[in-house]
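Undergrad: Under this note's numbering, the first residue of the sequence shown is numbered 145, with each subsequent residue one higher. Where a beta carbon is used, it is the ideal one built from N, C-alpha and C, also for glycine.
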Amino acid sequence: MLIGTAGHIDHGKTTLVHALTGIDTDRLPEEKRRGITIELGYAYLPLPGGDASPARVIGFVDVPGHEKFVPTMLAGASGIDFALLIVAADDGPMPQTREHLQILNLLGIRRGAVALTKADRASPERLADVSAQIHALLAGGCLAGAPIFPVSALTGAGVDALRSHLVEAARSLPARAAEGDFRLAVDRVFTLAGAGTIVAGTVHAGQVAVGDSLRLAPSGPAARVRSLHVQNRKADRGQAGQRCALNLAGLAVDDIRRGDWLTGQSTPLPAQRLDIALTLAADAPRALAHGAVVQIHHGTRQLGGRVALLDAALEKSGLAPGSHGLAQLVADAPLHACRGDLVVLRDAHGRNTLGGGRILDPFGPPRHRRHPDRLAVLAALAVADPTERLQALLTCSPLGVDLAQLAAAENRRPDALLALLPEAAARFNDKACWLIGLAALDALGRRVEERLARHHAEHPDELGLERDRLRRMIAPLLPAPAFAEWLEHWLAEGRLARSGAAWHLPGHRLELDPRDRRRADTLLPWLLDKPFDPPWVRDIALRLGEPEAATRELLKRLAASGEACQVVRDLFYAPAAVRQLGAIAAELMEADGCIRAAAFRDQTGLGRKRAIQVLEYFDRVGYTRKLGRGHDEQHRIRGDLAVN
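Set out below in structure tokens:
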């Protein structure tokens with residue numbers, strides 16, 4: 145269990161931690177000289193009985209109480225399980241008592257206790273009066289009803305009772321789930337002689353072990369774990385809810401700073417637009433204006449940013465104190481964030497804590513963020529259950545979802561998200577890592593059918609639309625590999641047809657006028673006189689007795705309808721010949737594992753230039769893929785040969 149202290153300056157937080165653990169958490173000379181905590185301090189208390197494994201050690205994060213160091217307090221409170229609110233009996237609740245408590249409420253810390261320190265300086269009546277003030281202060285918040293322990297670190301009175309309560313709280317605390325990729329919020333970085341770079345922080349998710357490869361986020365460089373300490377004990381493995389110090393190879397001290405994260409994500413995505421469910425504190429000094437400049441506190445990071453309120457009705461009035469609403473935080477710099485992370489907002493000058501909220505989407509869009517479709521997505525992302533959340537998201541995503549980005553936001557692997565769904569609930573394209581619900585896929589298919597029907601009506605002289613042009617018309621934001629797979633799906637269902645590169649509705653045929661049909665019927669047999677060496681456009685035009693441009697235009701229309709194949713600008717093959725050439729390429733692929741121009745030339749009897757032209761045509765239509773250059777150039781079959 146991780147315990148974080150909270151409370152006003154000079155109320156005895158550090159002294160009490162020393163009384164509980166025997167460890168002085170003030171380590172800086174300035175802290176010793178001034179008698180105040182400036183930086184985060186750490187102490188540990190082994191649970192009595194049993195072994196001394198890290199799982200049986202309570203960790204303490206001691207935070208400064210001065211108002212100047214509230215950002216440091218926020219960094220320390222990130223990831224704690226239990227709050228120890230400290231109030232001096234002689235002073236009673238003070239300004240930083242209230243602000244620290246407000247922060248604990250915003251961070252959702254629901255387990256805690258109150259230490260009423262310096263009890264030896266107060267009468268029983270004073271202790272009762274301050275206890276009543278504390279109960280009133282806690283009412284309605286996350287720590288409502290928390291027990292209060294009068295203690296004196298000077299005399300030791302009450303310390304044992306408080307320690308026993310903390311031990312029992314630790315024993316009854318459910319272990320945090322270690323699912324998801326490893327995430328550690330960095331709060332300390334230093335060099336240790338003979339070891340190198342040491343990075344310490346609280347583990348928010350997942351597990352880490354010696355030898356693991358990690359990445360520094362949001363910047364992305366990699367590191368390897370040489371060794372680690374967990375809860376101040378040497379260990380082989382650490383997990384969510386524990387303090388870890390990692391000895392890293394591959395990163396220097398200057399590469400890392402407080403506010404960074406170490407993550408097990410293979411490619412952590414930087415976030416800069418955080419869509420959140422925002423709560424403005426009831427005692428905020430004023431309404432939060434749309435576009436307000438704020439300080440954003442996330443994990444152990446502090447940075448500037450602006451607030452964009454997503455309810456258009458609040459653009460003029462702002463979000464009132466005590467109110468809730470959706471907002472997008474536009475940070476001044478990239479950070480690493482995940483759905484479910486908590487953020488706290490303070491004013492631009494760092495004088496007041498304004499509110500906070502939970503991140504719904506760390507990758508918010510820069511445009512159309514108030515559109516009803518986008519607000520529906522945020523409503524889906526607010527669903528607590530992971531399976532229901534993914535199903536709701538697919539329901540309101542007509543083009544599907546980027547599963548790689550969603551996995552990064554959820555801090556899970558794409559395959560773990562796919563495992564949440566019944567197999568028949570969605571279709572997944574692994575090339576684009578794109579997921580779409582079956583209802584959305586069917587609706588998208590209807591849009592494609594409607595667009596093709598309109599195109600056929602407006603352009604009866606065209607067979608259909610090429611794939612990428614159709615995608616740009618229907619769904620320009622949909623990745624090309626996913627759209628290509630969906631087209632094949634609709635083709636298999638009989639909803640669409642394809643002739644060459646043209647997609648069209650079944651039954652639609654390119655109708656030539658009688659004169660052009662006669663010309664086509666005359667020239668098409670000429671393409672088969674020498675199937676592998678058909679005549680050029682200029683030769684066909686001479687035989688027809690017409691301009692080259694007219695012949696070329698007719699052949700292009702025949703290619704669009706699948707009656708010819710345009711290998712180069714002025715060279716058209718019969719589909720039957722192209723199929724024969726494709727079969728020869730397949731035989732070479734099976735025999736040699738690849739297709740080289742020289743071997744293809746020898747097998748077909750074509751010249752080298754013509755052999756290369758045909759292979760490049762195969763590349764262009766997606767039948768083969770070219771690899772290498774020069775003498776190493778080769779082609780490999782990648783799909784079916786789409787000719788009639």
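1. Would you call A570 buried or exposed, if buried means 16 or more other Cβ atoms sit within 10 Å of its Cβ?
2. Determine, using beta carbons only, whether H441 and V487 come nearer to each other than 8 Å.
3. Need the endpoints of the alpha helix (DSSP H) that Q386 sits in, please.
4. On a Cα-Cα basis, can you pick out the residue from D586, G185 and R613 that is closest to L596?
5. Determine, using beta carbons only, whether Q549 and F507 come nearer to each other than 8 Å.
6. Nearest to A257 by alpha carbon, out of S267, A266 and A305?
7. With H, G and I counted as helix, E and B as strand and the rest as coil, what does DSSP make of Y717?
8. Grab me the residues of P678's own chain with a C-beta within less than 6 Å of its C-beta, minus the 5 sequence neighbours each way, in chain order.
9. Quick one: any contact between the stretch 427 to 434 and the stretch 442 to 449, if contact means 3 or more CB pairs under 8 Å?
10. Which runs of the beta strand (DSSP E) at least 3 residues long sit entirely within the stretch 412 to 483? Give them in chain order.
11. Does L771 pass the burial test, meaning 16 or more other C-beta atoms within 10 Å, or should it be called exposed?
12. Relative to the alpha-carbon of W680, which residue among V333, R754 and L656 has its alpha-carbon at the smallest distance?
13. What is the residue span of the beta strand (DSSP E) that F627 lies within?
14. If you draw a straight line from the alpha carbon of P509 to that of R417, how long is it in whole angstroms?
15. What are the residues that DSSP puts in a beta bridge with W578?
16. Kindly list the residues whose CB is nearer than 8 Å to the CB of I728, restricted to its own chain and excluding five residues on each side of it in sequence; keep chain order.
17. If we count the other Cβ atoms within 10 Å of its Cβ and call it buried at 16 or more, is H779 buried or exposed?
18. Identify, in the order they occur along the chain, each residue of the same chain with its Cβ nearer than 8 Å to the Cβ of Q240, setting aside the five sequence neighbours on each side.
19. Can you tell me which of P530, A536, P198 and L537 puts its alpha carbon nearest to the alpha carbon of L564?
20. Output the boundary residues of the beta strand (DSSP E) element that contains R359.
21. Please state whether the Cβ-Cβ distance between N573 and P620 is less than 8 Å.
22. Excluding the 5 residues preceding and the 5 following A379 in the sequence, name in chain order all residues of the same chain whose CB lies nearer than 7 Å to its CB.
23. If T261 sits next to V303, beta carbons under 8 Å apart, how far is it from one beta carbon to the other, in whole angstroms?
24. Is G589 helix, strand or coil by DSSP?
25. Could you give the residue range of the alpha helix (DSSP H) that holds I253?
26. Our contact map puts P291 next to H279 with C-beta atoms below 8 Å; I'd like the distance itself, whole angstroms only.
27. Given this structure, state the Cα-to-Cα distance separating E312 from L543, to the nearest angstrom.
28. Is the distance from the Cβ of R659 to the Cβ of L631 below 8 Å?
29. Closest to L668 by CA distance: which of A693, A232 and S705 is it?
30. Mind checking who I230 pairs with in its DSSP beta bridge?
31. Roughly how many whole angstroms lie between the Cα atoms of G689 and R663?
32. Count Cβ pairs between the stretch 534 to 541 and the stretch 445 to 456 that sit closer than 8 Å; are there 3 or more?
33. How about E382 and V333: are their beta carbons less than 8 Å apart?
34. Less than 8 Å separating the beta-carbons of D714 and R682?
35. Where does the unbroken alpha helix (DSSP H) through G651 begin, and where does it stop?
36. Three-state secondary structure (DSSP) at T768?
TA: Let me lay it out:
1. Residue burial is scored here from C-beta neighbours: A570 has at least 16 other C-beta atoms within 10 angstroms and is therefore classed as buried.
2. The Cβ atoms of H441 and V487 sit closer than 8 Å to each other.
3. Judged by DSSP secondary structure, Q386 falls outside any alpha helix (DSSP H); it is assigned neither H nor E.
4. Checked all of D586, G185 and R613; the closest Cα to L596 is R613.
5. Contact flag set, yes.
6. Distance check between A257 and each of S267, A266 and A305 places A305 closest, using alpha-carbon atoms only.
7. Of the three classes helix, strand and coil, the one that applies to Y717 here is strand, per DSSP.
8. Setting aside the 5 residues that flank it on each side, P678 is surrounded in the same chain by L671 and Y717, each with a C-beta closer than 6 Å to its C-beta; the list follows chain order.
9. With the cut-off at 8 Å, the stretch 427 to 434 and the stretch 442 to 449 do not touch.
10. Counting only runs of 3+ residues, the beta strand (DSSP E) found wholly inside the stretch 412 to 483 occupies 415 to 424, 437 to 442, 445 to 453 and 468 to 479, in chain order.
11. By the Cβ-count criterion, L771 is exposed, with fewer than 16 other Cβ atoms from all chains shown falling within 10 Å of its own Cβ.
12. When each option's Cα is compared against that of W680, the closest is R754.
13. Counting along the chain, F627 falls outside any beta strand (DSSP E), though it belongs to the alpha helix (DSSP H) covering A624 to E637.
14. Note on geometry: alpha-carbon atoms of P509 and R417 lie some 7 Å from one another.
15. DSSP output for W578 lists D546 and N573 as bridge partner(s).
16. The beta carbon of I728 lies closer than 8 Å to those of F744, Q747 and T748 in the same chain, with the five residues before and after it left out.
17. So H779 counts as buried.
18. Within the same chain, Q240 has close Cβ partners G151, H152, I153, G209, H210, E211 and V214.
19. The candidate whose alpha carbon is nearest that of L564 is P530.
20. It spans S357 to A361 - the beta strand (DSSP E) in which R359 sits, taken as one unbroken run.
21. Contact flag unset, no.
22. Answer for A379: P198, L372 and H373, listed in chain order.
23. Rounded, the Cβ-Cβ distance is 10 Å, inconsistent with contact.
24. Secondary structure at G589: helix, using DSSP grouped into helix, strand and coil.
25. Note, I253: premise wrong, no alpha helix (DSSP H); not H, not E.
26. Rounded, the Cβ-Cβ distance is 10 Å, inconsistent with contact.
27. Approximately 51 Å, taken between the alpha carbons.
28. Against a cut-off of 8 Å, the Cβ pair of L631 and R659 comes out as no contact.
29. The candidate whose alpha carbon is nearest that of L668 is S705.
30. For I230, the beta-bridge partners assigned by DSSP are A259.
31. Rounded to the nearest angstrom, the two C-alpha atoms are 11 Å apart.
32. Counting Cβ pairs under 8 Å, fewer than three are found: no touch.
33. For the sequence presented, residue 382 should be read as Gly rather than Glu. Not in contact: G382 and V333 (Cβ atoms no closer than 8 Å).
34. When the beta-carbon positions are compared, D714 and R682 come within less than 8 Å of each other.
35. Element bounds for G651: n/a, residue is neither H nor E.
36. It is a strand residue.
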